[in-house]
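Visitor: Below is one structure. I have some questions about it.
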């Protein structure tokens with residue numbers, strides 16, 4: 479009946495009068511706590527479980543507790559429940575792993591998130607639902623991009639730099655989340671998860687595509703452009719083939735893209751061009767041609783070029799940004815204002 483103020487009383491009566499305890503009543507109470515966001519209730523259930531060493535932890539009980547604690551961002555308690563499921567249950571199912579990846583995303587722990595994904599694959603507990611696979615991918619992406627934002631705000635921070643937290647989490651789940659994982663390795667791991675999700679049938683949302691391209695751009699910011707993910711997306715049928723380059727020109731073809739997807743794609747290319755050439759000092763500047771349809775998408779693309787202060791000329795089938803104008807764009811600190 480949803481009377482969450484009564485479930486602890488019922489559990490205490492069961493514990494006081496039953497010779498043998500079963501996980502089901504605890505699972506029902508934990509599920510209610512997760513749905514209601516009652517973290518204190520979930521903590522009370524966990525305390526009772528700790529005191530009952532013979533109580534077996536079912537998939538439903540463990541996943542519900544992890545769900546409750548992950549929504550509160552309490553990664554350490556999530557790891558404790560994970561450990562209890564391994565030691566006193568049948569292991570962790572895909573729902574439990576979903577909660578762990580979500581908690582890692584909230585806490586900004588990409589190394590640990592990828593470790594849990596590796597464990598899920600080894601246990602054969604990856605999602606059968608393509609959309610849930612996409613949620614896993616988004617959780618790990620969020621964890622990684624969170625660390626990158628924090629790194630810009632404080633140069634003393636690193637990917638998993640909280641030593642106390644690392645020690646506690648390692649003790650619970652048996653992994654060592656060290657700083658040895660670099661950005662290259664992390665993004666490769668994330669792209670592996672992304673590809674697995676796509677192969678399962680997941681169709682990435684616009685937001686997820688933006689996040690995966692941003693991760694690829696961060697990884698490849700010493701190269702000229704981070705196009706590999708976009709090209710792979712085209713091969714997988716997620717995006718039409720819309721990017722190509724020669725020795726003298728980069729071409730973006732947005733004729734088959736919805737307006738909002740075209741805008742995200744162009745912004746990512748502009749970010750990649752500006753950041754990589756600005757950082758590396760390499761100025762083998764190419765021209766940039768954008769193939770446009772005679773539609774709303776074409777009009778919005780031109781507006782975006784104006785907003786980013788990119789000079790262009792109209793050519794057959796679209797617009798062209800000459801290499802000299804690209805070089806001026808890269809050198810102008812104000813030219814990134816259109817990225818907001």
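Residue numbers (my numbering): 479 to 818.
Ideal placement from N, C-alpha and C gives every residue a C-beta, glycine not left out.
Small disclaimer: the values here were computed from a predicted structure and weren't measured.
1) Quick one: using the 10 Å Cβ neighbour count with 16 as the cut-off for buried, is residue 746 buried or exposed?
2) If I measure Cβ to Cβ from residue 505 and keep anything under 8 Å in the same chain, skipping five residues before and after, which residues do I get?
3) For residue 664, which of 595, 606 and 727 has the nearest alpha-carbon?
4) Helix, strand or coil for residue 590 per DSSP?
5) Touch check for the segment 610-628 and the segment 572-587: three-plus C-beta pairs under 8 Å?
6) Under 9 Å between the Cβ atoms of residue 570 and residue 546?
7) Give the straight-line distance between the Cα atoms of residue 553 and residue 589, rounded to the nearest whole angstrom.
8) Once the 5 residues before and after residue 769 are set aside, which same chain residues still bring their CB inside 8 Å of it?
9) Can you list, in chain order, the residues of its chain with a C-beta nearer than 6 Å to that of residue 604? Leave out the 5 residues immediately preceding and following it.
10) At the level of alpha carbons, what is the spacing between residue 807 and residue 626?
11) Specify the secondary structure class of residue 798 as computed by DSSP and reduced to three states.
12) Using a threshold of 9 Å, state whether the C-beta atoms of residue 696 and residue 672 are closer than that.
13) Tell me where the beta strand (DSSP E) around residue 676 begins and ends.
14) Does the Cβ of residue 799 have 16 or more other Cβ atoms within 10 Å, making it buried, or fewer, making it exposed?
15) Excluding five sequence neighbours on each side, which residues of the same chain lie with their C-beta closer than 8 Å to the C-beta of residue 564?
16) Under the three-state reduction of DSSP, which class applies to residue 513: helix, strand or coil?
17) Near residue 678, what residues of its chain come up, given a Cβ to Cβ distance below 7 Å and the 5 sequence neighbours on each side ignored?
18) Could you pull the DSSP bridge partners for residue 723 from this structure?
19) Pull up the distance between the alpha-carbon of residue 744 and that of residue 687, whole angstroms please.
20) Output the distance between the C-alpha atoms of residue 772 and residue 660, rounded to the nearest integer angstrom.
21) Taking the beta strand (DSSP E) that residue 569 falls in, what are its first and last residues?
22) Which same chain residues end up closer than 8 Å to residue 765 when comparing Cβ atoms and leaving out the 5 residues on each side of it in sequence?
23) Please classify residue 765: does DSSP put it in a helix, a strand, or coil?
24) When the Cα atoms are used, what is the spatial distance from residue 558 to residue 685?
25) Going by beta carbon distance, what residues of the same chain come within less than 8 Å of residue 551, once the five residues before and after it are set aside?
26) Do you know how far the Cα of residue 786 is from the Cα of residue 809?
27) With burial defined as no fewer than 16 other Cβ atoms inside 10 Å of the residue's Cβ, what is the status of residue 777: buried or exposed?
28) So the candidates are 500, 767, 531 and 544; which of them puts its Cα closest to the Cα of residue 519?
29) Can you tell me the Cα-Cα spacing of residue 739 and residue 793, whole angstroms?
30) Looking at the secondary structure, which residues open and close the beta strand (DSSP E) in which residue 733 lies?
31) For the beta strand (DSSP E) that residue 793 lies in, which residues bound it at each end?
32) Over the uninterrupted alpha helix (DSSP H) stretch that includes residue 607, give me the two end residues.
33) Look at the Cβ atom of residue 534, then the Cβ atom of residue 508, and state whether they are nearer than 9 Å.
34) Candidates 780, 614 and 556: which alpha carbon is nearest residue 521's?
35) List the endpoints of the continuous alpha helix (DSSP H) containing residue 551.
Guide: Result, derived from the coordinates:
1) Numbered from 1 along the chain shown, position 268 holds the residue referred to as residue 746. Around the beta-carbon of residue 746, 16 or more other beta-carbon atoms lie within 10 Å, marking it buried.
2) Within the chain shown, numbered from 1, the residue matching residue 505 stands at position 27. Answer for residue 505: 536, 538, 539 and 542, listed in chain order.
3) Within the chain shown, the letter at position 186 stands for residue 664. Looking at the Cα atoms, 595 is the closest of the given residues.
4) Numbered from 1 along the chain shown, position 112 holds the residue referred to as residue 590. In the structure shown, the three-state DSSP call for residue 590 is helix.
5) Taking 8 Å as the limit for Cβ pairs, the verdict is that the segment 572-587 does touch the segment 610-628.
6) Position 92 of the chain shown, counted from the start, is the residue given in the question as residue 570. Position 68 of the chain shown, counted from the start, is the residue given in the question as residue 546. The answer is no: Cβ separation not under 9 Å.
7) Position 75 of the chain shown, counting from 1, holds the residue named residue 553. Position 111 of the chain shown, counting from 1, holds the residue named residue 589. When only Cα atoms are considered, residue 553 and residue 589 end up about 13 Å apart.
8) Within the chain shown, the letter at position 291 stands for residue 769. Closer than 8 Å at the Cβ level, and outside the excluded window around residue 769, lie 729, 730, 731, 732, 733, 795 and 796.
9) Looking up residue 604 in the chain shown gives position 126. For residue 604, the CB contacts under 6 Å within the same chain, skipping 5 residues up- and downstream, are 598 in chain order.
10) The residue labelled residue 807 in the question sits at position 329 within the chain shown. The residue labelled residue 626 in the question sits at position 148 within the chain shown. Roughly 25 Å between the two C-alpha positions.
11) Here residue 798 is taken as the residue at index 320 of the chain shown, counted from 1. Residue 798 falls in the strand class under three-state DSSP.
12) Residue mapping note: residue 696 aligns to position 218 of the chain shown, counting from 1. Residue mapping note: residue 672 aligns to position 194 of the chain shown, counting from 1. Contact flag unset, no.
13) Taking the chain shown and counting its residues from 1, the one referred to as residue 676 is at position 198. Per DSSP, residue 676 belongs to no beta strand (DSSP E); it is in the alpha helix (DSSP H), 661-677.
14) Counted from its first residue, the chain shown places residue 799 at position 321. Buried, since its Cβ has 16 or more Cβ neighbours within 10 Å.
15) Locating residue 564 in the chain shown gives position 86, where the first residue counts as 1. Excluding sequence neighbours, residue 564 sits near 570.
16) What you label residue 513 is simply residue 35 of the chain shown in a count that begins at 1. Note: residue 513 maps to helix in three-state DSSP.
17) Counted from its first residue, the chain shown places residue 678 at position 200. Once the five neighbours on either side are set aside, the close Cβ partners of residue 678 are 608 and 611.
18) The residue labelled residue 723 in the question sits at position 245 within the chain shown. According to DSSP, which records beta bridges pairwise, residue 723 is partnered with 728.
19) As a first step, residue 744 must be located in the chain shown, where it is residue number 266. As a first step, residue 687 must be located in the chain shown, where it is residue number 209. Those two C-alpha atoms are separated by around 13 Å.
20) Looking up residue 772 in the chain shown gives position 294. Looking up residue 660 in the chain shown gives position 182. Whole-angstrom Cα-Cα distance: 44 Å.
21) Within the chain shown, the letter at position 91 stands for residue 569. Looking at the DSSP string, residue 569 is not in any beta strand (DSSP E), and its letter there is neither H nor E.
22) Working through the chain shown from its first residue, we reach residue 765 at position 287. 726, 727, 728, 798, 799, 800, 801 and 804.
23) The count along the chain shown starts at 1 and reaches residue 765 at position 287. Three-state DSSP puts residue 765 in a strand.
24) The count along the chain shown starts at 1 and reaches residue 558 at position 80. The count along the chain shown starts at 1 and reaches residue 685 at position 207. When rounded, the separation of the alpha-carbon atoms in residue 558 and residue 685 is 32 Å.
25) Counting from one through the chain shown, the residue named residue 551 turns up at place 73. The beta carbon of residue 551 sits closer than 8 Å to those of 581, 584 and 585, all from its chain and outside the five residues before and after it, given in chain order.
26) Within the chain shown, the letter at position 331 stands for residue 809. Within the chain shown, the letter at position 308 stands for residue 786. Each residue's alpha carbon lies about 13 Å from the other.
27) Here residue 777 is taken as the residue at index 299 of the chain shown, counted from 1. It is exposed - the Cβ of residue 777 has fewer than 16 other Cβ atoms within 10 Å.
28) The residue labelled residue 519 in the question sits at position 41 within the chain shown. The alpha carbon of residue 519 has as its nearest neighbour, out of 500, 767, 531 and 544, the alpha carbon of 544.
29) Here residue 739 refers to the residue found at position 261 of the chain shown. Here residue 793 refers to the residue found at position 315 of the chain shown. Rounded to whole angstroms, residue 739 and residue 793 show a C-alpha spacing of 23 Å.
30) Numbered from 1 along the chain shown, position 255 holds the residue referred to as residue 733. Per DSSP, residue 733 lies in no beta strand (DSSP E) segment and is marked neither H nor E.
31) Translated into positions along the chain shown, residue 793 becomes position 315. Residue 793: member of the beta strand (DSSP E) spanning 791-793, first to last residue.
32) In the chain shown, counting from the first residue as 1, residue 607 sits at position 129. Premise fails: residue 607 is in no alpha helix (DSSP H) and is neither H nor E.
33) Counting from 1 along the chain shown, the entry for residue 534 is found at position 56. Counting from 1 along the chain shown, the entry for residue 508 is found at position 30. Between residue 534 and residue 508, the CB-CB gap reaches or exceeds 9 Å.
34) Here residue 521 is taken as the residue at index 43 of the chain shown, counted from 1. Checking every option, the nearest Cα to that of residue 521 belongs to 556.
35) Within the chain shown, numbered from 1, the residue matching residue 551 stands at position 73. For residue 551, there is no enclosing alpha helix (DSSP H), as DSSP gives it neither H nor E.
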